[in-house]
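One structure is given below, encoded as structure tokens.
In the working numbering, the protein residues as written are 704 to 859.
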């Protein structure tokens, strides 16, 4: 009996730790405000306006308008779908291959490689209702070349 109760408690805590669903969060409009620090450069402000639409098959199509200080605004697209209970896969117009998204204790971990051999590793941590903190590290040949700290807020 004790073993059954312990197993049930562990299963419940595992389900609770993976409560953040990126498709649910990014469906609709969100806005991110952050700071990008590139190696040997001054920090830059970044603003990301996003709109996500869930398709009939459950795939999220996310359109992002990225405004980076000193650059022209650019648009990129994500396609994301759930492939296992704690795993999502998809594509990103900035990525050279597939995007992998795993639900972890802290939130959501996103990994992909860009065509210029930059490796992106992001952690999205829920910070309260309708708010997520994005911690991104960009590496090239194992060396961290950029970091992004961003707060993303759900607008609707």
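The C-beta atom is built at its ideal place from N, Cα and C for all residues, glycine as well. Here the structure is a predicted model, which means the values were calculated and not measured.
Cβ distance (whole Å) where residue i is taken to contact residue j below 8 Å
i	j	result
residue 791	residue 804	4 Å
residue 764	residue 782	6 Å
residue 806	residue 789	4 Å
residue 811	residue 723	6 Å
Cutoff 6 Å; reference residue i; Cβ partners in own chain excluding five residues on either side
i	result
residue 842	822
residue 779	767, 796, 797
residue 750	736, 770
residue 786	792
Nonlocal neighbours in the same chain, by C-beta distance under 8 Å from residue i, ignoring five residues either side
i	result
residue 758	764
residue 817	797, 798, 799, 823
residue 801	792, 793, 794, 815
Residues of its chain near residue i, where Cβ-Cβ distance is below 7 Å and the 5 sequence neighbours each way are ignored
i	result
residue 814	803, 823, 824
residue 742	848, 849
residue 831	none
residue 761	784, 785
residue 856	733, 734, 833, 834
residue 840	824, 847, 850
Contact under 8 Å by Cβ, residue i with residue j
i	j	result
residue 734	residue 851	no
residue 745	residue 739	no
residue 784	residue 773	no
residue 854	residue 838	no
For this session: Go through the stretch 740-801 residue by residue and report every complete run of the beta strand (DSSP E) that reaches 3 residues or more, in order.
Result: 747-757, 763-771, 777-787, 790-795
Exercise. Any contact of the stretch 724-740 with the stretch 823-839, i.e. 3+ C-beta pairs under 8 Å?
Worked result: yes
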